[in-house]
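Student: Would you mind keeping the following structure in view while I ask a few things?
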Amino acid sequence: MRVRMVGLPDEIAPIVEALHTALDVVEVSAPYPCRGASRNVRVYAEVRPLSDAADGITAELRAVRDRIDASFAPDADKHTADSHLTLEAVHEHLTALIARLEGPESR
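Residue numbers for the sequence shown follow the working numbering, beginning at 4 and rising by one.
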């Protein structure tokens, strides 16, 4: 499915991020300027529905990704447990999620 978004660039960015939480985003185009004197841009996204079984796991993986991103932000406080994940913690969490994805039949 192809989705077209039209708006100011700073309005479209959070919508694109929201698409990632609700759908399988295959690709997102670069912004194309709208015709005329408009400041709006067009952005196209190709999306697919997420499978019901993967919804929760996908959300958890995104949460881990977001915490990792936040821990590497230039203004992040590197000395607090909440803003910095150790590689061991990431490995543990991802291993558990992979096990859930694989299910009991693969063990």
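Positions of the beta carbon are idealized from the N, C-alpha and C atoms, including for glycine.
Using a Cβ distance threshold of 8 angstroms, determine whether the stretch 30-40 contacts the stretch 62-70, with at least three qualifying pairs required.
Tutor: no
Student: Please go through the same chain and pick out, in chain order, the residues whose beta-carbon is closer than 7 angstroms to the beta-carbon of residue 43, but skip the five residues on each side of it.
Tutor: Closer than 7 angstroms at Cβ, skipping near neighbours: 9, 10, 11, 37.
Student: Would you decide whether residue 18 is buried or exposed? Buried here means 16 or more other CB atoms lie within 10 Å of its CB.
Tutor: exposed
Student: Starting from the C-beta of residue 67, find all residues in its chain whose C-beta is less than 6 angstroms away, skip the five residues before and the five after it, and write them out in chain order.
Tutor: Cβ within range, chain order: 96.
Student: Between 70, 41, 69, 52, which has its C-alpha nearest residue 6's C-alpha?
Tutor: 52
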